DNA sequence: GCAATAGTTGCATGATTGTGCAACAATGCA
DNA sequence: TGCATTGTTGCACAATCATGCAACTATTGC
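So this is what it looks like as structure tokens:
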């Protein structure tokens, strides 16, 4: 596991590791339809600028994606990507150890 | 999803979302045997006090557990707990949406 | 008892981060 | 064209956090 990859994984977790950002993820998780930023503001009681910045972080980590339509940005949860990453780490943690010779995952 | 639970999950991710802490997790992941703190110091080039504090954070989140034997503390990764938590969120993210009526996970 | 080893804690510090407000750009609508 | 709506960005500020050092406790071994 090289340092760059470790850093990237840490950044992924860090993005999920903040209350309001995780609330946004849950909100997007609940609704199958994509939501615009103003709608997402309602789920966490902070300024719109804060939501904007949080969504930017989530998008940078590929946790959410968005389509720009007119003046609105429509966000949706990147379900496959996020679930896959979480399962990858779960598998690594559960299965890799010295005895099985799995040193380098 | 109530706020307290969301906060707890966020704290779990935050604990994994820091480079040196994640490196410690990977290090414990690689070796099936439990490792003492001084041994774990080698995997990230920071002061022993820093490692001590990081391990404390990981233990508070149930990511690692330890046995105290004499003056040494022997750490091991809480594989089941961590893998289960990661898979739970993966399942939630992949499966829950309004259409399936799964609002409240 | 004394020195060495393992680990923790207090303190100071620099960096990062979350936040609100105000100003701004861009788009839609009347 | 004028105005409302959506969203972003600059700025300031407070809080959190990662870190190193030094001092400390506790245990082991001589």
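Chains as they are written, first to last, in the numbering used here: chain A, 10 to 114; chain B, 10 to 114.
By construction, the Cβ of each residue, glycine as well, lies at the ideal position given by its N, Cα and C atoms.
Owing to the predicted nature of the structure, the values given are computational and were not obtained by experimental measurement.
Simplified DSSP assignment, three categories, for residue 89 (chain A): Position 80 of the first chain, counting from 1, holds the residue named residue 89 (chain A). DSSP, reduced to helix, strand and coil, places residue 89 (chain A) within a helical segment of the structure shown.
Contacting positions in the region 89 to 100 of chain B - beta carbon closer than 7 angstroms to chain A: Of all residues in the region 89 to 100 of chain B, 91, 92, 95, 96, 98 and 99 have a Cβ within less than 7 angstroms of some Cβ in chain A.
Interfacial residues, the region 75 to 87 of chain B to chain A, with Cβ spacing under 7 angstroms: Within the region 75 to 87 of chain B, the residues whose Cβ lies closer than 7 angstroms to some Cβ of chain A are 86, listed in chain order.
Distance cut-off 7 angstroms: residue 20 (chain A) Cβ against heavy atoms of the ligand GDP: Among the components of this structure there are no ligands whatsoever, and the ligand GDP is therefore not found.
Under 8 angstroms between C-beta atoms of residue 23 (chain B) and residue 26 (chain A): In the second chain, counting from the first residue as 1, residue 23 (chain B) sits at position 14. In the first chain, counting from the first residue as 1, residue 26 (chain A) sits at position 17. Taking a C-beta distance under 8 angstroms as the contact criterion, residue 23 (chain B) and residue 26 (chain A) qualify as a contact pair.
The beta strand (DSSP E) enclosing residue 73 (chain A), as first and last residue numbers: Start at 1 with the first residue of the first chain, and residue 73 (chain A) comes out as number 64. Segment 73 to 78, the beta strand (DSSP E) holding residue 73 (chain A).
Host alpha helix (DSSP H) of residue 50 (chain A) (start-end): Here the question's residue 50 (chain A) lines up with position 41 in the first chain. Residues 46 to 50.
CB of residue 30 (chain B) within 8 angstroms of CB of residue 67 (chain B), strictly: As a working mapping, residue 30 (chain B) is identified with position 21 in the second chain. As a working mapping, residue 67 (chain B) is identified with position 58 in the second chain. Contact flag set, yes.
Own chain, CB closer than 7 angstroms to residue 90 (chain A), minus 5 neighbours either side, in chain order: Along the first chain, read from residue 1 onward, the residue named residue 90 (chain A) stands at position 81. Only 71 meet the Cβ criterion.
Members of the region 17 to 28 of chain B near chain A, C-beta cut-off 8 angstroms: Correct list: 18, 19, 20, 21, 22, 23, 24, 25, 26, 27 and 28.
Cβ pair count under 8 angstroms reaching 3, the region 72 to 89 of chain A against the region 44 to 55 of chain A: Taking a cut-off of 8 angstroms on C-beta distances, the region 72 to 89 of chain A touches the region 44 to 55 of chain A, as three or more cross pairs fall below it.
Under 8 angstroms between C-beta atoms of residue 105 (chain A) and residue 38 (chain B): For the purposes of this step, residue 105 (chain A) is identified with residue 96 of the first chain, where counting begins at 1. For the purposes of this step, residue 38 (chain B) is identified with residue 29 of the second chain, where counting begins at 1. Contact annotation: residue 105 (chain A) and residue 38 (chain B) have beta-carbon atoms nearer than 8 angstroms.
Separation of residue 28 (chain A) from residue 15 (chain B), as counted between CA atoms: Your numbering for residue 15 (chain B) matches position 6 in the second chain. Your numbering for residue 28 (chain A) matches position 19 in the first chain. Between residue 15 (chain B) and residue 28 (chain A), the C-alpha separation is close to 7 angstroms.
Below-8 angstroms beta-carbon distance, residue 103 (chain B) vs any chain A residue: By one-based count along the second chain, residue 103 (chain B) stands at place 94. By this cut-off, residue 103 (chain B) is an interface position.
4 or more residues per run - each alpha helix (DSSP H) lying fully within the region 19 to 68 of chain B: Runs of the alpha helix (DSSP H) lying entirely within the region 19 to 68 of chain B and spanning at least 4 residues, in chain order: 28 to 39 and 46 to 50.
Residue 31 (chain A): contacting residues in chain B (beta-carbon distance under 8 angstroms): Numbered from its first residue, the first chain carries residue 31 (chain A) at position 22. Listed along the chain, the chain B residues whose CB falls inside 8 angstroms of the CB of residue 31 (chain A) are 15, 18, 19 and 22.
Interface partners of residue 62 (chain A) on chain B, CB under 7 angstroms: Indexing the first chain from 1 puts residue 62 (chain A) at position 53. By Cβ distance, chain B contributes nothing, its closest Cβ being about 17 angstroms from residue 62 (chain A), past 7 angstroms.
Buried/exposed call for residue 73 (chain A), threshold 16 Cβ in 10 Å: Walking along the first chain from the start, residue 73 (chain A) turns up at place 64. Classification of residue 73 (chain A): buried, given that the 10 Å Cβ count is 16 or more.
Close beta carbons around residue 21 (chain B), own chain, < 7 angstroms, minus the five adjacent residues each side: For the purposes of this step, residue 21 (chain B) is taken as the residue at position 12 of the second chain. Around residue 21 (chain B): 70 and 94.
Among B:100, B:87 and B:101, nearest to residue 102 (chain A) - alpha-carbon criterion: Counted from its first residue, the first chain places residue 102 (chain A) at position 93. Answer by Cα proximity: B:87.
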